[in-house]
Amino acid sequence: MSSVLTDRLSPAGAARTEPAAPRRRTRVFALPEARWAAAATVLFLIALPLQLTGAPGWAWGVPYALAYAAGGWEPAWAGLRALAEKTLDVDLLMIVAALGAAAVGQVMDGALLIVIFATSGALEALATARTADSVRGLLDLAPATATRLRPDGTEETVAPADLTVGDTVLVRPGERIGADGRVLDGTSEVDQATITGEPLPVAKEPGDEVFAGTLNGTGALRVRVGRDAADSVIARIVRMVQEASETKAPTQLFIEKVEQRYSLGMVAATLAVFAVPLAFGAALTESLLRAMTFMIVASPCAVVLATMPPLLSAIANAGRHGVLVKSAVVMERLGEVDAVALDKTGTLTEGTPQVTDVVPLPGAGLTERELLTLAAAAEHPSEHPLARAVTDAARARGLTVPTARDFTSTPGVGVTATVGTHRVTVGAPPRLPADATDGPVLPVTTGQGDGAGTPGEPAAAPVTAGPAGSPAAPAVVADLEAGGRTAVVVQVDGVTVGVLGIADRVRADAAVTVAALTALTRVPPMLLTGDNPRAAARLGDEVGVRDVRAGLLPEEKVGAVRAEQKAGRRMLVVGDGVNDAPALAAAHAGVAMGRAGSDLALETADAVIVRDELAAVPAVVALSRRARRLVVQNLVVAGVFISGLVVWDLAGTLPLPLGVLGHEGSTVLVGLNGLRLLREAAWTEAARAGTERAA
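With the numbering used here as the guide, the letters of the sequence shown map in order to residues 1 to 695.
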């Protein structure tokens, strides 16, 4: 149970500190799309009040024209380039519709369409840039240099990329490991949460595997390189995130999936409405007016607004309740999921080890409070996560922890300190020295007896250790480990007096969330974790997950997700760590836990649970499904209006003002219908829906 010391010294005695890597994060206004969208929005907000207050036409016409130019030139250019490649996309169609609206006097409507499209494009560009930032930032986990040992035993400093299979590297205390490989010599504990997601550092000794980018504890290790830098686990994570992100990039909203047919059909129909009557002798003005009216009433404004307001309203409502959904596409996809995969550490659990059991051995004569006081006193100088769990437990119980002296920490074994007049050792069961051969009486000065004794005086009852080979300690250790806990043995003067059980605490809402997700998808979630099978199985039993897959590396998590998706499932993955990022990117939708989530997980995920409220996951899925139902309703309404107006225009004579009124009326109607999801009741009903189904 080594202590990760703040000051790390080289053999020469010089302080070695690991510099913090700079956070490379694209600023919003560093993107040209964001600057143009902001300019278009500002110009629109300048023009709108001028128009509504009756200012002269030139006063609001100029900023409207500039808004058209600022927000429309990029999608117009993209649409023209697509047209050159013999495709017609909705961007160009919307620009034409906006210009058509302006041509018939609906300047404000056209400008609003321009602003909506420019803002949407800016958000998409920002999401793409931030994902690229997070992938680049992942490379900062790897050290800048590594210490390679020459055959004659001398050292040389090289870049990790220059290491080859078979090289031997020296990893000093507090350094990051430079390459995947196996330990040749030395003992330490390595924090490899970035790779496996395990909540506690893992003891490493000769023969054990280590990974590039993981953090060494207080012991020195000699590691033989087993993989080239390009094939390391951390490099594979980078590639998997990039590949999965590129695969998901072409996803679109439902309405955009039919944009080609709709766009081509509308353009062809508009030209026909203009040309056919003209060919049969109709007047030019009459044909042009009919065609213009047709283009206005058949334009996709109402269809676009049928789709966007429900999704944007759902996004806003979710945001008020601590769920950041990154785009309308994501909100739509969340409602499509029909299977869920959950991470363990930091997702179903809180990600912080806590003392769950305090077990004094029979005959030791210690109470639970006295045993915990001894352990906390010895662990207090240590910075190891298990040590923090022990001292936090003592603090939570209001114990007075005496000051320890002569503290030492042995990597992979434990800590030893003098408490009062006794030598107290706290560490891992297999690595501590065997009990003494006799059972001495040990008057321990904890000051934590049952009202007897004061600090510095002997406890009310002496500590009597059992004889060597007593089955009490092994039985307690075996029982705790069988329950998925980490067992920590406490010895006084070489005699085992008690055992502590430490585990990662399950979130209070984990079981309810699992039940709600099962009810929503009709398929029980699966648990994908890099933690050990015993701890994973225990957690699965506790929260109601039957399909438990443990000991997985990041690529194995991705493989499990892709296998489910090949079988026709639309997977939702919920995680928080670097090791979860590839699976989050590969899934149909990915959700990250916000408070303890790694930068890569937060940027890769499609949505973020900002407050770490796990129950928000089924709630946002249910809200997305409500939004999708409203989209369908709106599309029906928009379709009825468009069809009716088009038939009127073709079969009779639809006055242009009436056509504009009908078109705008349908747009307003579907927009207001979509805004229903802004209500507080919409989230409450969504959260209740998941809970009621689970019940």
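Glycine is no exception: its CB is placed at the ideal position from the N, C-alpha and C atoms.
**Study point:** Three-state secondary structure (DSSP) of residue 416
**Key:** For this step, residue 416 is matched to residue 416 along the sequence shown. It is a strand residue.
Point to revise | For residue 152, three-class secondary structure by DSSP | key: Position 152 of the sequence shown holds residue 152. Residue 152: coil per DSSP, three-state reduction.
Check your understanding: What did DSSP end up calling residue 204 once you bin it into helix, strand or coil?
Key -> As a first step, residue 204 must be located in the sequence shown, where it is residue number 204. Shown here, residue 204 sits in a strand according to DSSP, grouped into three states.
Exercise for review: Taking 8 Å as the cut-off, decide whether the C-beta atoms of residue 113 and residue 344 are in contact.
Suggested key: The residue you call residue 113 lines up with position 113 of the sequence shown. The residue you call residue 344 lines up with position 344 of the sequence shown. Going by C-beta atoms, residue 113 is not nearer than 8 Å to residue 344.
Check your understanding: Under the three-state reduction of DSSP, which class applies to residue 167: helix, strand or coil?
Key -> Taking the sequence shown and counting its residues from 1, the one referred to as residue 167 is at position 167. Residue 167: coil per DSSP, three-state reduction.
**Study point:** Nearest neighbour of residue 31, chosen from 125, 56, 78 [CA to CA]
**Key:** On the sequence shown, position 31 is the one that residue 31 refers to. Nearest C-alpha to residue 31: 125.
Practice item. Name the residue from 371, 392, 370, 369 whose alpha carbon lies nearest to the alpha carbon of residue 380. Key: In the sequence shown, the residue the question calls residue 380 occupies position 380. Measuring from the Cα of residue 380, the nearest candidate turns out to be 392.
Review point. Do residue 268 and residue 294 have their CB atoms nearer than 8 Å?
Key: Numbered from its first residue, the sequence shown carries residue 268 at position 268. Numbered from its first residue, the sequence shown carries residue 294 at position 294. Contact: no.
Review point. For residue 382, is the classification buried or exposed, using 16 other Cβ atoms within 10 angstroms of its Cβ as the cut-off for buried?
Key: The residue given as residue 382 occupies position 382 in the sequence shown. With 16 or more other Cβ atoms within 10 Å, it is buried.
**Study point:** residue 478 to residue 227 span [Cα, whole Å]
**Key:** If you number the sequence shown from 1, residue 478 lands on position 478. If you number the sequence shown from 1, residue 227 lands on position 227. Looking at the two C-alpha atoms, the distance is approximately 36 Å.
Practice item. Report, in whole angstroms, the separation of the C-beta atoms of residue 608 and residue 614, which I expect to be a contact under 8 Å. Key: Translated into positions along the sequence shown, residue 608 becomes position 608. Translated into positions along the sequence shown, residue 614 becomes position 614. Not a contact, Cβ separation roughly 13 Å.
Practice item. Determine, using beta carbons only, whether residue 571 and residue 341 come nearer to each other than 8 Å. Key: On the sequence shown, residue 571 is found 571 positions in, with the first residue counted as 1. On the sequence shown, residue 341 is found 341 positions in, with the first residue counted as 1. It is a contact, given that the beta carbons lie within the stated cut-off.
Exercise for review: Rank 206, 210, 536 by C-alpha distance to the C-alpha of residue 191 and give the top, closest one.
Suggested key: Within the sequence shown, the letter at position 191 stands for residue 191. If we check each option's Cα against that of residue 191, 210 comes out closest.
Point to revise | Same chain, Cβ closer than 8 Å to residue 683, neighbours up to 5 away in sequence not counted | key: Start at 1 with the first residue of the sequence shown, and residue 683 comes out as number 683. The residues are 317, 318, 320, 321, 619, 623.
Check your understanding: Excluding five sequence neighbours on each side, which residues of the same chain lie with their C-beta closer than 6 Å to the C-beta of residue 347?
Key -> Reading the sequence shown from its first residue, position 347 is the one you call residue 347. Within the same chain, Cβ atoms closer than 6 Å to the Cβ of residue 347 are found at 574, 575, 576, 593, the five residues on either side in sequence being excluded.
Point to revise | residue 404 burial status per 10 Å Cβ neighbour count (16 or more: buried) | key: Counting from 1 along the sequence shown, the entry for residue 404 is found at position 404. With 16 or more neighbouring CB atoms inside 10 Å of its own CB, residue 404 falls in the buried class.
Exercise for review: Check residue 106 in the structure and name its three-state DSSP category.
Suggested key: Position 106 of the sequence shown holds residue 106. Per DSSP, reduced to three states, the secondary structure at residue 106 is coil, with no helix or strand assignment.
Practice item. Pull up the CB-CB distance for residue 155 and residue 170, whole angstroms please, since I reckon it's below 8 Å. Key: Walking along the sequence shown from the start, residue 155 turns up at place 155. Walking along the sequence shown from the start, residue 170 turns up at place 170. So it is a contact: roughly 7 Å between Cβ atoms.
Check your understanding: Within this structure, are the beta carbons of residue 180 and residue 349 separated by less than 8 Å?
Key -> For the purposes of this step, residue 180 is taken as the residue at position 180 of the sequence shown. For the purposes of this step, residue 349 is taken as the residue at position 349 of the sequence shown. Against a cut-off of 8 Å, the Cβ pair of residue 349 and residue 180 comes out as no contact.
Exercise for review: Assign residue 448 to one of two classes, buried (16 or more other C-beta atoms within 10 Å of its C-beta) or exposed (fewer than that).
Suggested key: Locating residue 448 in the sequence shown gives position 448, where the first residue counts as 1. Confidence at residue 448 is low in this model, with a pLDDT of 47, below 50, so its placement is unreliable and the value that follows should be read with caution. Buried, by the Cβ-count rule.
Check your understanding: Shorter than 8 Å from the beta carbon of residue 555 to some beta carbon of chain D?
Key -> The chain inventory of the structure shown lacks chain D, comprising one protein chain alone.
Check your understanding: Taking the alpha-carbon positions, what's the residue 167 to residue 534 distance?
Key -> Looking up residue 167 in the sequence shown gives position 167. Looking up residue 534 in the sequence shown gives position 534. Approximately 35 Å, taken between the alpha carbons.
Review point. Do residue 377 and residue 401 come within 8 Å of each other at the CB atom, strictly closer than that value?
Key: Counted from its first residue, the sequence shown places residue 401 at position 401. Counted from its first residue, the sequence shown places residue 377 at position 377. It is a contact, given that the beta carbons lie within the stated cut-off.
Point to revise | Cα-Cα separation, residue 491 to residue 685 | key: Taking the sequence shown and counting its residues from 1, one reaches residue 491 at position 491. Taking the sequence shown and counting its residues from 1, one reaches residue 685 at position 685. Going from the Cα of residue 491 to the Cα of residue 685 covers about 55 Å.
Review point. Quick one: what's got a C-beta closer than 6 Å to residue 581's C-beta in the same chain, skipping five residues either side?
Key: The residue labelled residue 581 in the question sits at position 581 within the sequence shown. Counting only Cβ-Cβ distances below 6 Å, and skipping sequence neighbours, we find 241, 600, 601, 604.
Check your understanding: If you run the structure through DSSP and keep just helix, strand and coil, what is residue 347?
Key -> The count along the sequence shown starts at 1 and reaches residue 347 at position 347. For residue 347, the secondary structure class from DSSP, reduced to helix, strand or coil, is helix.
Check your understanding: Between which two residues does the alpha helix (DSSP H) harbouring residue 51 extend?
Key -> Along the sequence shown, one-based indexing puts residue 51 at 51. DSSP places residue 51 in the uninterrupted alpha helix (DSSP H) bounded by 32-52.
Check your understanding: Start and end of the alpha helix (DSSP H) containing residue 492?
Key -> Counting from 1 along the sequence shown, the entry for residue 492 is found at position 492. Taken as a continuous stretch (DSSP letters only), residue 492 belongs to no alpha helix (DSSP H), being part of the beta strand (DSSP E) at 486-492.
Practice item. For residue 45, count neighbouring C-beta atoms within 10 Å of its own C-beta (all shown protein chains included) and say buried if the count is 16 or more, exposed if not. Key: In the sequence shown, the residue the question calls residue 45 occupies position 45. Answer is exposed; the Cβ neighbour count stays below 16.
**Study point:** residue 448 (DSSP reduced to helix, strand or coil)
**Key:** What you label residue 448 is simply residue 448 of the sequence shown in a count that begins at 1. For residue 448, the predicted structure reports a pLDDT of 47, less than 50, and the residue's modelled location is therefore unreliable. A value from the coordinates is still provided. For residue 448, the three-state secondary structure derived from DSSP is coil.
Check your understanding: What number of angstroms, rounded off, separates the C-alpha of residue 476 from the C-alpha of residue 352?
Key -> Along the sequence shown, one-based indexing puts residue 476 at 476. Along the sequence shown, one-based indexing puts residue 352 at 352. Counting only the Cα atoms, residue 352 lies some 23 Å from residue 476.
Point to revise | Cβ pair residue 59, residue 50 closer than 8 Å | key: If you number the sequence shown from 1, residue 59 lands on position 59. If you number the sequence shown from 1, residue 50 lands on position 50. Yes; because the gap between Cβ atoms is below 8 Å, this pair is in contact.
Practice item. To the nearest angstrom, report how far apart residue 408 and residue 339 are at their CA atoms. Key: Reading the sequence shown from its first residue, position 408 is the one you call residue 408. Reading the sequence shown from its first residue, position 339 is the one you call residue 339. Here the C-alpha atom of residue 408 lies approximately 49 Å from the C-alpha atom of residue 339.
Check your understanding: Terminal residues of the continuous beta strand (DSSP E) containing residue 702?
Key -> Residue 702 lies beyond the residue range present for the chain, which begins at 1 and ends at 695; the question has no answer from this structure.
Practice item. Run the CB neighbour count on residue 541, radius 10 Å, all protein chains shown included, and call it buried at 16 or more, exposed below. Key: Counted from its first residue, the sequence shown places residue 541 at position 541. Classification for residue 541: exposed.
Point to revise | Exposed unless 16 or more other CB atoms sit within 10 angstroms - verdict on residue 653 | key: The residue given as residue 653 occupies position 653 in the sequence shown. When all chains shown are included, residue 653 counts as exposed.
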